[in-house]
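A short write-up of the structure that comes next.
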Amino acid sequence: MNDQLQPQDELLVAGWREWVSLPGLGIGSIKAKMDTGARTSCLHAFKVEAFEKKGKSWVRFSIHPNQNETDTVIQCEARVLDYRKVTDSGGHSELRYVIRTTVHFGDHQWPAEVTLTNRDNMKFRMLIGRTAMSDRIVINPALSFQFGLTGVKK
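Heads up: the sequence shown at position 86 corresponds to 88 in this note's numbering, and the numbers run straight through without jumps.
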């Protein structure tokens with residue numbers, strides 16, 4: 003990771019919340035909170051089940067992509083990158099699967115590590131953490147949805 007800031011005109015300006023898509027997981031759009039307090043991004047997941055595919059560890063899970071709604075369910079599968087202990091803002095630790103997937107911010111995209119956890123009781127189904135933003139994005143907390151739904155495949 004490069005800790006040097008890029009010139010301001012090269013960084014994307016994001017709001018405190020953004021629409022993103024995760025096409026590798028079949029998620030056309032999900033509202034994410036840009037969370038500079040979180041190191042790693044996380045995604046809502048339930049019915050999480052580990053399995054093997056061609057000798058590699060994979061995870062199958064379901065998500066509710068829409069805020070305040072549990073009728074819509076998307077089934078996802080991803081290769082397991084790691085299994086890490088993550089401490090949330092309330093000080094609670096949990097072992098979580100870590101996957102890598104491409105995150106689309108409008109017309110911009112790059113791979114990011116994402117942990118899986120049940121966020122049914124949280125307002126946002128996804129948090130974008132510092133490592134997914136570094137060297138690419140600055141946050142303006144007065145703004146929201148700077149990338150619109152451009153590039154999002156439904």
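Even for Gly, the Cβ is constructed at its ideal location relative to N, Cα and C.
Rounded C-alpha distance that separates His-94 from Gly-108:
One alpha carbon belongs to His-94, the other to Gly-108, and they sit about 33 Å apart.
Residue nearest to Val-22 in terms of C-alpha spacing, selected from Val-75, Pro-113 and Trp-60
Ranked by how close their Cα comes to the Cα of Val-22, the residues Val-75, Pro-113 and Trp-60 have Pro-113 in first place.
Whole beta strand (DSSP E) runs in the region 52 to 120 with 3 or more residues, listed along the chain?
58 to 65, 76 to 89, 95 to 107 and 110 to 119
If you draw a straight line from the C-alpha of Leu-27 to the C-alpha of Ile-65, how long is it?
10 Å
Determine the direct distance from the alpha carbon of Pro-67 to that of Val-61, and round the result to whole angstroms.
18 Å
Given 8 Å as the limit, is there contact between the region 49 to 60 and the region 73 to 84, that is, 3 or more CB pairs closer than that?
The region 49 to 60 is in contact with the region 73 to 84.
Around the Cβ of Asn-4, are there at least 16 other Cβ atoms within 10 angstroms (buried) or fewer (exposed)?
Bear in mind that a pLDDT of 46 at Asn-4, under 50, signals an unreliable position, so the number given afterwards is only what the model happens to contain. Asn-4 is exposed by the Cβ-count criterion.
Name the DSSP beta bridge partners of Phe-48, please?
Ser-64
Let me check understanding here. Comparing Cα to Cα, which of Gln-77, Leu-97 and Phe-48 lies closest to Pro-25?
It is Gln-77 whose Cα lies nearest to the Cα of Pro-25.
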